[in-house]
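Chains A and B, in that order, are what the protein sequence lines are.
Counting in my numbering, the final residue of the first sequence is number 904, and the numbers go up one at a time with none missing.
Counting in my numbering, the final residue of the second sequence is number 422, and the numbers go up one at a time with none missing.
Virtual Cβ for every residue (Gly too), placed ideally from N, Cα, C.
If you're wondering where the values come from, they're calculated on a predicted model, not measured in any experiment.
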Amino acid sequence: MPENLIIEINELHKVYILGKTKVHALRGIGVRVRSGEYMSIMGPSGSGKSTLMNIIGCLDVPTTGTYRLNGQDVSGLTDDQLAKIRNKEIGFVFQTFNLLPRASALHNVELPLIYNGTSTGKRRERAIEAMEKVGLGDRMHHKPNELSGGERQRVAIARALVNNPSMILADEPTGNLDTKTGEEIMEIFDHLNEQGNTIVLVTHEDFIAQHSNRIIRLKDGLIENEEIVEEKSKE
Amino acid sequence: MSVASQWWEYFRFSYDALTANKIRFLLTTLGIFLGVTAIIVIFTAIQSINSYVKSEFSNIGSSSLYLSKFPWVITDNYWELRNRPEVTLDDYDLLKEKVETASWISPQIEAMRTIEYRNKNLEDVFTVGSNEQYVFTDNAEPEFGRFFTEMEVYRARPVCVIGQNVREELFKGRDPLGKRIKINGHPHRIVGVLKKMGSFFGFNLDNQVIIPYTTFQGISSHHRGISIAFRTDDPLLLDNLRDEIRGEMRKIRKLPPAENDNFAINQQTMLTDFYNKLTGTSYLVVFIIAAISLIVGGIGIMNIMLVSVTERTKEIGIRKAIGATRRNIIMQFLSESVAISSLGGIIGIVAGVLIAQLLLHKIKLDASVTLTTILIGYGFSAFVGIISGLYPAVRASKLHPIDALRYE
Numbered sequence: 670m671p672e673n674l675i676i677e678i679n680e681l682h683k684v685y686i687l688g689k690t691k692v693h694a695l696r697g698i699g700v701r702v703r704s705g706e707y708m709s710i711m712g713p714s715g716s717g718k719s720t721l722m723n724i725i726g727c728l729d730v731p732t733t734g735t736y737r738l739n740g741q742d743v744s745g746l747t748d749d750q751l752a753k754i755r756n757k758e759i760g761f762v763f764q765t766f767n768l769l770p771r772a773s774a775l776h777n778v779e780l781p782l783i784y785n786g787t788s789t790g791k792r793r794e795r796a797i798e799a800m801e802k803v804g805l806g807d808r809m810h811h812k813p814n815e816l817s818g819g820e821r822q823r824v825a826i827a828r829a830l831v832n833n834p835s836m837i838l839a840d841e842p843t844g845n846l847d848t849k850t851g852e853e854i855m856e857i858f859d860h861l862n863e864q865g866n867t868i869v870l871v872t873h874e875d876f877i878a879q880h881s882n883r884i885i886r887l888k889d890g891l892i893e894n895e896e897i898v899e900e901k902s903k904e
Numbered sequence: 015m016s017v018a019s020q021w022w023e024y025f026r027f028s029y030d031a032l033t034a035n036k037i038r039f040l041l042t043t044l045g046i047f048l049g050v051t052a053i054i055v056i057f058t059a060i061q062s063i064n065s066y067v068k069s070e071f072s073n074i075g076s077s078s079l080y081l082s083k084f085p086w087v088i089t090d091n092y093w094e095l096r097n098r099p100e101v102t103l104d105d106y107d108l109l110k111e112k113v114e115t116a117s118w119i120s121p122q123i124e125a126m127r128t129i130e131y132r133n134k135n136l137e138d139v140f141t142v143g144s145n146e147q148y149v150f151t152d153n154a155e156p157e158f159g160r161f162f163t164e165m166e167v168y169r170a171r172p173v174c175v176i177g178q179n180v181r182e183e184l185f186k187g188r189d190p191l192g193k194r195i196k197i198n199g200h201p202h203r204i205v206g207v208l209k210k211m212g213s214f215f216g217f218n219l220d221n222q223v224i225i226p227y228t229t230f231q232g233i234s235s236h237h238r239g240i241s242i243a244f245r246t247d248d249p250l251l252l253d254n255l256r257d258e259i260r261g262e263m264r265k266i267r268k269l270p271p272a273e274n275d276n277f278a279i280n281q282q283t284m285l286t287d288f289y290n291k292l293t294g295t296s297y298l299v300v301f302i303i304a305a306i307s308l309i310v311g312g313i314g315i316m317n318i319m320l321v322s323v324t325e326r327t328k329e330i331g332i333r334k335a336i337g338a339t340r341r342n343i344i345m346q347f348l349s350e351s352v353a354i355s356s357l358g359g360i361i362g363i364v365a366g367v368l369i370a371q372l373l374l375h376k377i378k379l380d381a382s383v384t385l386t387t388i389l390i391g392y393g394f395s396a397f398v399g400i401i402s403g404l405y406p407a408v409r410a411s412k413l414h415p416i417d418a419l420r421y422e
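What follows is the structure in structure tokens.
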């Protein structure tokens with residue numbers, strides 16, 4: 670079902686020029702992610718994992734190769750066009766939460782809607798809905814520094830969800846959390862996936878990656894192997 | 015709706031930034047504050063003095079020409095002007111026959127005289143000897159009573175018209191008409207009282223007496239210097255009138271074509287022109303001073319905005335990742351810099367208005383603070399905010415989201 674592809678990456682190369690040396694971060698990657706899939710990207714540091722994530726997240730563009738996101742070729746877009754794509758298609762969840770420290774939880778969640786011009790009333794309504802989905806209905810007016818790490822990450826997930834993106838892109842979402850809180854966060858992702866959200870997870874922890882349906886492992890800028898996770902190992 | 019909510023976001027962004035660094039924010043506004051204060055004080059002062067001066071000048075008939083020995087504004091060598099012949103009553107007798115464009119002509123002899131009524135003395139009263147046409151050449155309508163007549167001038171009747179100040183000092187609210195006052199010992203009957211005229215640069219115009227020039231004591235000699243006022247009822251003919259007076263006067267003086275005039279034809283606009291020239295220069299100087307302080311203030315804002323952009327690199331990264339366009343980022347930082355400069359501007363406007371009122375109160379003038387002045391003051395501050403915020407804002411908008419997110 671090609672019309673259901675969220676991510677369609679072909680022959681992706683990324684070359685960084687650092688002074689006089691060229692660094693080949695990605696050397697020809699092909700990835701396909703269908704709608705509703707739950708995929709993990711793994712790999713040691715220097716494998717090109719972050720570079721791939723940045724390109725999937727439309728924070729960076731490939732040197733060569735094509736990237737179609739939800740049917741649209743995004744490999745050659747300008748900064749502002751990419752910003753709009755990120756706003757509409759992608760919900761980011763970062764390791765360090767990346768919330769605005771001086772804004773309330775609710776305002777942080779509203780932010781993507783502010784940038785796409787949603788009217789004030791509708792924005793508030795959708796932000797509250799997203800906060801309730803992650804179980805933070807009673808913490809909406811707290812500032813990030815008044816919330817625990819797990820709560821902060823839930824705010825970030827609510828922010829990622831609020832605009833109904835094509836996919837949620839999570840970069841080491843449990844990296845700054847203790848094991849128990851990390852498990853709780855992963856349960857939220859699992860639940861979101863059950864509801865039909867497409868999730869791409871970047872991690873170096875195998876037990877985190879086991880939550881997904883499919884794992885791709887990167888090494889030296891290439892996909893080393895791809896593994897389908899069996900249902901039973903998830904529970 | 016959506017636009018309004020984005021503006022609200024820009025406002026919140028600025029508000030957060032500014033309240034997070036209150037001291038820095040206030041120090042940064044200082045330059046703008048001083049510049050705007052200077053602009054407001056100066057504009058208000060100049061406007062107040064202007065309106066004062068203009069109202070003073072309006073006391074001189076604007077459509078009259080005054081022939082006299084000296085020009086009102088002396089730019090030539092005074093010692094040469096001093097050697098000019100006086101304008102005399104003989105000249106008046108000749109000119110009134112010849113100058114046809116003039117509707118009214120009045121000779122004017124002036125001196126300070128002491129006036130007596132019963133046992134009361136009033137010293138240094140400005141005494142003018144003229145004819146009945148003075149009413150028109152110098153807008154001297156009596157408030158009550160009448161002006162003296164042509165016949166009274168011709169017959170040298172001892173009559174007079176007095177100013178409001180003379181009436182108050184000598185009659186204290188009683189009816190002065192018909193009473194006799196002594197001007198330097200010579201009795202004159204009061205036939206009229208002039209309207210209140212106010213003052214001309216501190217000189218009390220109401221402290222005067224007008225009498226027929228034929229009764230003006232000490233003017234027996236026709237060689238004493240006077241001035242002659244001419245007025246035409248058609249203001250468009252003012253230039254013709256001037257040419258005609260000049261031509262006739264040159265004939266009377268028998269001046270050869272190569273010789274310069276040895277008399278002056280004065281007009282109210284000479285004074286206003288001179289005044290405008292004088293204030294024009296001070297306007298410029300003061301404007302430059304204010305501009306320099308605003309430039310310094312603007313550099314201060316730019317500097318602080320660059321710091322702010324660096325401090326908020328991570329925040330810029332987050333906003334960009336979430337979908338902020340370059341324009342969104344530029345607008346956010348611009349609204350921050352405009353907020354800084356506007357606050358400086360608003361404090362400056364308040365301080366400027368207060369200082370201007372204090373200063374003008376000292377020299378007994380009413381401060382006229384106009385909306386234009388306030389808008390100019392605010393406009394300047396907002397302009398400086400935009401200009402000095404532009405470069406840091408554009409720089410912020412060009413940050414790459416990945417680099418910005420990684421920044422700690």
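(Q) Taking the beta carbon of Val299(B) as the centre, do at least 16 other beta carbons fall within 10 Å, making it buried, or is it exposed? (A) For Val299(B), the number of other beta carbons within 10 angstroms of its own is below 16, and it is reported as exposed.
**Q.** Any alpha helix (DSSP H) of 4 or more consecutive residues that is wholly inside the segment 672-738 of chain A
**A.** Counting whole runs of 4 or more residues, the segment 672-738 of chain A contains the alpha helix (DSSP H) stretches 718-725.
**Q.** Residue closest to Tyr707(A), alpha-carbon to alpha-carbon, out of Gly865(A), Ile892(A), Glu874(A)
**A.** Between Tyr707(A) and the set Gly865(A), Ile892(A), Glu874(A), the nearest pair of CA atoms involves Gly865(A).
Q) By DSSP, does Val352(B) sit in helix, in strand, or in coil? A) In the three-state reduction of the DSSP assignment, Val352(B) falls in the helix class.
Q. According to the neighbour-count rule (16 or more other Cβ atoms, all chains shown, within 10 Å of its Cβ), is Ser234(B) buried or exposed?
A. With a pLDDT of only 48 at Ser234(B), under the threshold of 50, the placement of this residue in the model should not be trusted, and no figure is reported.
Q | Residue burial classification, Asp248(B) (beta-carbon count within 10 angstroms, cutoff 16) | A | Exposed.
(Q) Per the DSSP calculation, Ile226(B) is bridged to which residue(s)? (A) A small fix is needed here, since residue 226(B) is Pro in this sequence, not Ile. Pro226(B) pairs with Ser144(B).
Q) Relative to the C-alpha of Gly337(B), which residue among Gly818(A), Leu816(A), Thr765(A), Pro834(A) is closest? A) Comparing Cα-Cα distances from Gly337(B) to each of Gly818(A), Leu816(A), Thr765(A), Pro834(A), the minimum goes to Pro834(A).
Q: Compare the beta carbon distance of Gly314(B) and Gly49(B) with 8 Å and say whether it is the shorter of the two.
A: No, they are not a contact pair.
Q. Can you tell me whether DSSP reads Tyr131(B) as helix, strand or coil?
A. Residue state, collapsed to three classes: strand.
**Q.** Minimum length 4: unbroken alpha helix (DSSP H) runs contained in the segment 749-802 of chain A
**A.** Those alpha helix (DSSP H) runs which fall completely within the segment 749-802 of chain A and span 4+ residues are 774-784, 789-802.
Q. Who pairs with Met855(A) in a beta bridge, going by DSSP?
A. The partner list for Met855(A) (beta bridge, DSSP) is empty, contrary to what the question assumes.
Q: Indicate whether at least one CB of chain B lies closer than 8 Å to the CB of Gly786(A).
A: Cβ-Cβ to chain B under 8 Å: yes for Gly786(A).
Q: Answer with buried or exposed for Gln741(A), where buried requires no fewer than 16 other C-beta atoms within 10 angstroms of its C-beta.
A: Gln741(A) is exposed by the Cβ-count criterion.
Q.
Using a Cβ-Cβ cutoff of less than 6 Å, which residues in the same chain neighbour Lys334(B) once the five nearest sequence positions on both sides are dropped?
A. The beta carbon of Lys334(B) lies closer than 6 Å to those of Pro415 in the same chain, with the five residues before and after it left out.
Q. What is the DSSP secondary structure of Tyr80(B), counted as helix, strand or coil?
A. If DSSP states are grouped into helix, strand and coil, Tyr80(B) belongs with the strands.
Q.
Considering just the uninterrupted stretch of the alpha helix (DSSP H) at Gln822(A), what are its terminal residues?
A. Boundaries of the alpha helix (DSSP H) around Gln822(A): 818-830.
Q) Any Cβ of chain A within less than 8 Å of the Cβ of Ala353(B)? A) Not one chain A Cβ lies under 8 Å of Ala353(B).
Q) Is it the case that the Cβ atoms of Ser349(B) and Ser28(B) are separated by a distance below 8 Å? A) At the C-beta level, Ser349(B) and Ser28(B) come within 8 Å of one another.
Q. In whole angstroms, what is the alpha-carbon distance linking Met263(B) and Ala116(B)?
A. The straight-line gap from Cα to Cα measures roughly 14 Å.
Q) By a C-beta neighbour count over all protein chains shown, 10 Å radius and 16 as the cutoff for buried, is Gly726(A) buried or exposed? A) The Cβ neighbour count for Gly726(A), taken over all protein chains shown within 10 Å, is at least 16; the residue is labelled buried.
Q. Is the beta carbon of Lys209(B) less than 8 Å from the beta carbon of Glu157(B)?
A. Contact flag set, yes.
Q.
In the DSSP assignment, the alpha helix (DSSP H) including Asn814(A) goes from what residue to what residue?
A. Premise fails: Asn814(A) is in no alpha helix (DSSP H) and is neither H nor E.
Q: With 8 Å as the threshold, decide whether the Cβ of Leu373(B) is near any Cβ in chain C.
A: No chain C is present in this structure, whose protein chains are A and B.
Q | Per-residue DSSP class, three states only, for Glu325(B) | A | DSSP, read as helix, strand or coil, puts Glu325(B) in helix.
Q) Skipping 5 residues on each side, what residues in its chain have a beta carbon closer than 7 Å to that of Phe71(B)? A) These residues qualify, in order along the chain: Gln282, Leu285, Thr286.
**Q.** Three or more C-beta pairs below 8 Å linking the segment 304-318 of chain B and the segment 120-136 of chain B
**A.** Here the segment 304-318 of chain B makes no contact with the segment 120-136 of chain B; the two share fewer than three CB pairs at distances below 8 Å.
Q. Does any residue of chain A bring its CB to less than 8 Å from the CB of Gly399(B)?
A. Against chain A, the CB of Gly399(B) has no partner CB under 8 Å away; the residue lies outside that interface.
(Q) Let me see if you follow: with CB-CB separation under 8 Å, is Ala796(A) close to chain B or not? (A) Among the CB atoms of chain B, none fall inside 8 Å of the CB of Ala796(A).
(Q) Tell me which residues share the same chain as Leu269(B) and place their Cβ nearer than 8 Å to its Cβ, disregarding the 5 neighbours each side in the sequence. (A) Asp275, Asn276.
Q) How is Leu891(A) classed by DSSP in three states: helix, strand or coil? A) Three-state DSSP puts Leu891(A) in a strand.
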